[in-house]
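Chemist: Here you go, one structure.
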Amino acid sequence: MNLLTPDPGLLFWMVLSFGVVFFLLAKFGFPVIVKAINERKEFIEMSLLSAKQANERLAAIQQEGEQLLAQAKAQQKEIIAGAMQEKQRIVQAAQDEAQTSASQMIEDAKQSIQAEKERALRDVREEVASLALDIAEKVIGERMKDADEQKKVIERLIDRL
Amino acid sequence: MLRKFLIYIVCVIGFAAPTRAEEELDVSKIIFEHLGDSYEWHIAQGAVIPLPCILINGEGVEVFLSDKLEHGATYNGYHIATEGDHEGKIVNEAGERPFDISITKNVLELFIVCILLCSVVLGLARWYKKNGSKKAPGGFVGMMEAVVDFIDKDIAKESIGHGYERFSPYLMTVFLFILTSNLLGLIPVFPGGANLTGNIAVTLTCAITAFIAINCFAPKGYYKSIFWPDVPIFLKAPLPIMPTIEFIGVFTKPFSLTVRLFANIMAGHIIILALTSVVFVTAQMGAAMNASMTVVSVLFCIFMNCLELLVAFIQAYVFTILTANFIGLAHSE
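Which chain is which? The protein sequence lines are A and B, in order.
The first sequence begins at 1 in the working numbering and counts up one residue at a time.
The second sequence begins at 1 in the working numbering and counts up one residue at a time.
Structure, rendered in structure tokens:
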């Protein structure tokens, strides 16, 4: 039958065309496509890998940051506590100093008052003594005649005092 | 009520149909005309593309358009034989065939397939050269990439293994060639319609390329396994029973490839053509019969075309994967 015998003309063209097409596609077509596909596959794999690495690095950095933050917080706390202590100490010291200086001043004042008082008393005493002397002198100097007169003088003198 | 109405309609149509006595319809002739090759491309009634005839005889080359030979005309001593061994082919006065490399319908279809294939694949290659591996393809390029990658990884690499890169361009070419031819064969109008992969010359060439790919690049162990296989000695000497079987096997592989593709596609075309012919065969049996059979014919044709679409893919895939497997077997030793 006609259908089962290959026609030489068609066979000729088929061999020629298929040969040319195969040559063209195998040389300029498919290798380029396959190469690009493989390259892209590699690129994607590499990208995934580097993304994973970057993620890991990011996580590490985050952890480090958190650690640093915690450290900083602890340090801050310590510093604040220290400062508080210092402050208290300074306030205490200032209070103490004020106390001591105040008491010192009071003491000094007391002493000077005491001294002043003593001096005044001494002065009064001297005055009284000299007055008494004066009076005694006067008493003795007048030489009272009578006892009434004497009494009057003494009273007068005392009044004058 | 409805039944009565239907019977009435059928009767009216049945009697109203003119009973024309036309010439006997030779369905098998129509079918084989469509399956076979021709020197012109018949598009529709009155629309015929004449194709160039190229004939080589002892004296030289003759080139002329096929419309010179229409309706049994003779040109330069050549005419198209109407009977005998060379029925439908160009013969000279003595009824002998010159070396005929005319651009027939199938050859033109072959060129269309080749141009389509080259432009698509080289276009793809240009896209990849331009965009490199930086851009992901979409649409048509993405679809073609899936096909190329599938043949490269899932057929060639899977079946051949080490050194598959040498063969994958061939497998891709043969797959896309058969697929394109199959699909174009299903289109009934101009750019398609020729029965390319249902022609034994085409499938034979594909199988010969497969034969070359299988046998010409095989390692030494492959030839040893054919001519001195690893079987008990009485099977290979003094009577070379196993070597004979193995040697025949070398040729049955491409032969089976040839016939499988050819027969599958041709059978599909025959069924579709026969189903279409039902419309014209029943035209003489009255309008009611004709109308109902037309509905049946159209429904079956739609079904068959869907099936053929599937077969177009399956046959291309089967040819490729079998070739890949044969190559893989040759390289496994």
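Ideal Cβ positions, reconstructed from N, Cα and C, are used throughout, including at glycine.
For clarity, every value in this text was computed on a predicted model and none was experimentally measured.
#1: For E145(B), decide whether its Cβ has a neighbour in chain A, counting only Cβ atoms nearer than 8 angstroms.
#2: Relative to the alpha-carbon of P191(B), which residue among I200(B), F167(B), L310(B), T180(B) has its alpha-carbon at the smallest distance?
#3: For a quick check, are the C-beta atoms of T104(B) and S38(B) less than 8 angstroms apart?
#4: Could you tell me whether the segment 230-247 of chain B touches the segment 184-199 of chain B, where touching means 3 or more Cβ pairs closer than 8 angstroms?
#5: Which residues of chain B have a Cβ atom closer than 8 angstroms to the Cβ of E45(A), listed in chain order?
#6: Counting only Cβ pairs nearer than 7 angstroms, list the residues of chain B close to S17(A).
#7: Classify T100(A) as buried or exposed, calling it buried when 16 or more other Cβ atoms lie within 10 Å of its own Cβ.
#8: Beta carbons nearer than 7 angstroms to chain B: which residues of the segment 60-92 of chain A have them?
#9: Can you pull the DSSP bridge partners for L131(A)?
#10: With 8 angstroms set as the bound, which would you pick, yes or no: does the beta-carbon of L49(A) sit closer than that to a beta-carbon of chain B?
#11: Would you check if there are 3 or more beta carbon pairs closer than 8 angstroms linking the segment 252-267 of chain B to the segment 302-320 of chain B?
#12: With a CB to CB cut of under 8 angstroms and the five nearest residues on each side skipped, what residues in its chain are close to A274(B)?
#13: Thinking C-alpha only, which one of G9(A), K41(A), V124(A) is nearest K135(B)?
#14: Using a Cβ-Cβ distance under 8 angstroms, would F177(B) count as near chain A?
#15: First and last residue of the beta strand (DSSP E) that includes C306(B)?
#16: Are any of the Cβ atoms in chain A nearer than 8 angstroms to that of E96(B)?
#17: Buried or exposed, going by whether 16 or more other CB atoms sit within 10 Å of the CB of D154(B)?
#18: Give me the subset of the segment 22-42 of chain A whose CB atoms are less than 9 angstroms from a CB atom of chain C, sorted by chain position.
#19: Which residue from G9(A), F30(A), K151(A) puts its Cα closest to that of V120(B)?
#20: May I have the straight-line CA-CA distance separating D152(B) from T320(B), to the nearest angstrom?
#21: Does any heavy atom of the ligand COA sit closer than 7 angstroms to the C-beta of A136(A)?
#22: Count the other CB atoms, across all protein chains shown, that sit within 10 Å of the CB of F175(B); report buried if there are 16 or more and exposed otherwise.
#23: In chain B, which residues lie less than 8 angstroms from L4(A) when you measure between Cβ atoms?
#24: Can you tell me whether DSSP reads E83(B) as helix, strand or coil?
#25: Considering only their Cβ atoms, is the gap separating P52(B) from V61(B) smaller than 8 angstroms?
#26: So, with DSSP's three-state summary, where would you put Y39(B)?
#27: Should Q58(A) be flagged as near chain B, meaning a C-beta pair shorter than 8 angstroms?
#28: Beta strand (DSSP E) containing C53(B): first to last residue?
#29: Name the DSSP bridge partner or partners of A47(B)?
Modeler: Once the coordinates are examined:
#1: yes
#2: T180(B)
#3: yes
#4: no
#5: Per Cβ cutoff of 8 angstroms: no residues; E45(A) is ~12 angstroms from chain B at best.
#6: L110, F111, C114
#7: exposed
#8: none
#9: The partner list for L131(A) (beta bridge, DSSP) is empty, contrary to what the question assumes.
#10: no
#11: yes
#12: V27, I31
#13: K41(A)
#14: yes
#15: Segment 287-332 is the alpha helix (DSSP H) holding C306(B); no beta strand (DSSP E) there.
#16: no
#17: exposed
#18: Among the protein chains in the structure shown, which are A and B, there is no chain C.
#19: F30(A)
#20: 11 angstroms
#21: Judged by which ligands are present, the structure shown has none, so any question about the ligand COA falls away.
#22: buried
#23: I200
#24: coil
#25: no
#26: coil
#27: Looking at the sequence itself, residue 58(A) is Leu, so the reference to Gln does not match. Taking Cβ atoms only, chain B never reaches closer than 8 angstroms to L58(A), which makes this a no.
#28: 52-56
#29: A44(B)
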